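So in the UniProt record's numbering, spot 29 of the sequence shown is number 29, and the numbers just go up one at a time.
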Amino acid sequence: MTTLQQRPRTALLVIDVQQGVVVSAYRRDEVVANIASLVERARAQDVPVVWVQHSDEGLEKGSEAWQYVGELPGRASEPVVHKHYGDAFEDTDLEEVLAAAGIGHLVVAGAETDACIRSTIHGAFTRGYDVTLVADAHTTNDNSEWGAPPPEQVIAHTNMYWQYHSAPGRTAGVSTTADVTFG
Numbered sequence: 001m002t003t004l005q006q007r008p009r010t011a012l013l014v015i016d017v018q019q020g021v022v023v024s025a026y027r028r029d030e031v032v033a034n035i036a037s038l039v040e041r042a043r044a045q046d047v048p049v050v051w052v053q054h055s056d057e058g059l060e061k062g063s064e065a066w067q068y069v070g071e072l073p074g075r076a077s078e079p080v081v082h083k084h085y086g087d088a089f090e091d092t093d094l095e096e097v098l099a100a101a102g103i104g105h106l107v108v109a110g111a112e113t114d115a116c117i118r119s120t121i122h123g124a125f126t127r128g129y130d131v132t133l134v135a136d137a138h139t140t141n142d143n144s145e146w147g148a149p150p151p152e153q154v155i156a157h158t159n160m161y162w163q164y165h166s167a168p169g170r171t172a173g174v175s176t177t178a179d180v181t182f183g
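Shown next as structure tokens:
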């Protein structure tokens, strides 16, 4: 039950599954296949798919690394939100895109779990959205050399705490790819 009035629809939000972001990501192929399955199901059910694409000095817009992975072709009719910060709402048109489509619930998949995924699910939730994180459709790279836990622990911890996240008038949840409902 979103706090956003007159916004009963759900969208699939696919974050940063770009060649340079996921080239060595944990369980890359499995996660990309799960996201492809979600995209296919969303399209079949007439659920909007919104793509988020990051760029910064290390991921130059237009470069090969900046491109989405080949397994996830977008459609011309599907919006692409370009961002420069972790939270896909910061300094982008994401809110306008979602409002125009009547979206109050986001199903979130993509990369990286401990950066843009976490930032965006929290950003969406604080803005009033219901947010479902797809447990087996987000990934990260191994950042343990900088003090982070191994990727499997980062993903498991994010899934664990998000299923218990709460606030008045909004829901947070975690679902597997097979169990996602867009209704």
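Glycine included, C-beta positions come from ideal geometry on N, C-alpha and C.
Small disclaimer: the values here were computed from a predicted structure and weren't measured.
Check: Given 8 angstroms, three or more beta-carbon pairs between the region 50-61 and the region 8-16; Outcome: yes
Check: Residues near G74 by beta carbon distance below 6 angstroms, same chain, minus five either side; Outcome: W51
Check: Inter-residue spacing [alpha-carbon to alpha-carbon] between A172 and Y164; Outcome: 7 angstroms
Check: Contact check, T139 vs V22, beta carbons under 8 angstroms; Outcome: yes
Check: Residues of its chain near P48, where Cβ-Cβ distance is below 6 angstroms and the 5 sequence neighbours each way are ignored; Outcome: A11, A101
Check: Beta-ladder partner(s) of Q19, from DSSP; Outcome: Answer by DSSP bridge pairing: none, since Q19 is not bridged.
Check: V131 to L106 span [Cα, whole Å]; Outcome: 5 angstroms
Check: Distance CB(L94)-CB(V81) smaller than 8 angstroms; Outcome: yes
Check: Best match in K83, Y161, F89 for proximity to T126 [C-alpha to C-alpha]; Outcome: F89
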